[in-house]
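When the letters of the sequence shown are read in order and numbered with my numbering, they come out as residues 742 to 945.
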Amino acid sequence: MKYYYNPASSNCRKVDAVLAHTGLDPERCLVDLGQGEQHRPDFLALNPNGMVPAIVDGAVKLWESNAIMAYLCSQAKSDLWPVSEARYDILRWMFWELAHFGPAANAVVFERMIKPSIRMGDPDQAKIADALERFARFGRVLDEQLADRAWVTGDTLTIADYAIAADLMYAEPAGLDLAPLSHVVRWRSRLSDLPAWKATEPKR
Ligand SMILES: N[C@@H](CCC(=O)N[C@@H](CS)C(=O)NCC(=O)O)C(=O)O
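Structure follows, in structure tokens:
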């Protein structure tokens, strides 16, 4: 199996966590986003969106981080993606993550961290304000869900936890205020105790 990744990508961190958790060890192919390698024809043939992560496993070509997480767990027969009705609740939170929570967090990271780092101009304060409002709104939903559960869908860690937590990879440097989300803060600290999550911390 080949895994196309970039270490700074929060979506790749989801995949990295599943790899660390399951012990799967694909061949890693770095895609240098700064050099625009995601737009090269050979990579676009793999993922026409020009984005990481992506994997190739024999005849299987897959992009979209959350789909890749599920595929890897199926290959490894991991309980992170149980073969039971629990899957639908896990899927619900993973769709929610890609539709709502992730875009809000990522928009702030993009404006405050990525734009300045690639000289794309000043952060757009209106976009930041809008994203922070959405982050607060959806953050409250997550916080309520975690009020009486150890993990997002119940007593067991699943790929939904890794998927959602990856959106907070740059929470501190991007100035996302987690203080009002006390259950999220506790859940995040529970995650930091997991070897697979620790092993995929960004190297600063
Ligand atoms: N929905 C996609 C998003 C992937 C994505 O946004 N990847 C970013 C890195 S985190 C990327 O490759 N960006 C390069 C670009 O947009 O040129 C997923 O979950 O895999």
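The beta-carbon is built from N, C-alpha and C at its ideal position, and this holds for glycine as well.
Would you identify the three-state DSSP class for Ala940, choosing helix, strand or coil? coil
Unbroken alpha helix (DSSP H) runs of length 4 or more, entirely within the stretch 825 to 862: which are they? Under the rule that a run must span 4 or more residues, the alpha helix (DSSP H) segments found entirely inside the stretch 825 to 862 read 827 to 837 and 843 to 850.
Lys818 (DSSP reduced to helix, strand or coil): Three-state DSSP puts Lys818 in coil, outside helix and strand.
May I ask whether a heavy atom of ligand 1 can be found less than 6 Å away from the beta carbon of Ser858? no
Check whether the Cβ atoms of Thr941 and Asp757 lie closer than 7 Å to each other. yes
Rounded distance between the beta-carbons of Trp834 and Ala891, thought under 8 Å: With a Cβ gap of about 14 Å, Ala891 and Trp834 do not count as contacting.
Beta-carbon proximity list for Leu765, same chain, < 7 Å, skipping 5 on both sides: Within the same chain, and ignoring the five residues on either side of Leu765 in sequence, the residues whose Cβ sits closer than 7 Å to its Cβ are Leu813, Gln816 and Ala817.
Do you know how far the Cα of Ile809 is from the Cα of Val772? 17 Å
In this structure, how does DSSP classify Tyr903 when only helix, strand and coil are distinguished? Here Tyr903 sits in helix by DSSP.
Under the DSSP definition of a beta bridge, which residues are partnered with Asp798? Looking at the DSSP output, Asp798 bridges to Val801.
Of the listed residues Asp918, Ala920 and Met910, nearest to Leu932 (C-alpha basis): It is Met910 whose Cα lies nearest to the Cα of Leu932.
Nearest to His841 by CA position, among Ala877, Tyr745 and Lys755, is which residue? Ala877
Give the DSSP-derived three-state secondary structure of Arg685 in the structure shown. Beyond the ends of the chain as shown, which are 742 and 945, falls residue 685; an answer cannot be given.
Simplified DSSP assignment, three categories, for Gly916: Reduced to three states, the DSSP call for Gly916 is coil.
Alpha-carbon to alpha-carbon, Gly799 and Glu874: 43 Å
Comparing alpha-carbon positions, which option in Leu839, Lys743, Arg860 and Lys755 lies nearest Lys939? Lys755
Using a 10 Å radius around the Cβ and a threshold of 16 neighbouring Cβ atoms, would you call Ala867 buried or exposed? With fewer than 16 Cβ atoms within 10 Å of its Cβ, Ala867 is classed as exposed.
Contact belief for Ala937 with Ala761 at Cβ below 8 Å, rounded distance in angstroms: Between Ala761 and Ala937 the Cβ distance is about 4 Å, and since that is below 8 Å, they are a contact.
Ligand 1 and Asn752: does any heavy atom of the ligand fall closer than 6 Å to the residue's C-beta? yes
Run of the beta strand (DSSP E) containing Tyr744, from where it starts to where it stops: Lys743 to Tyr746
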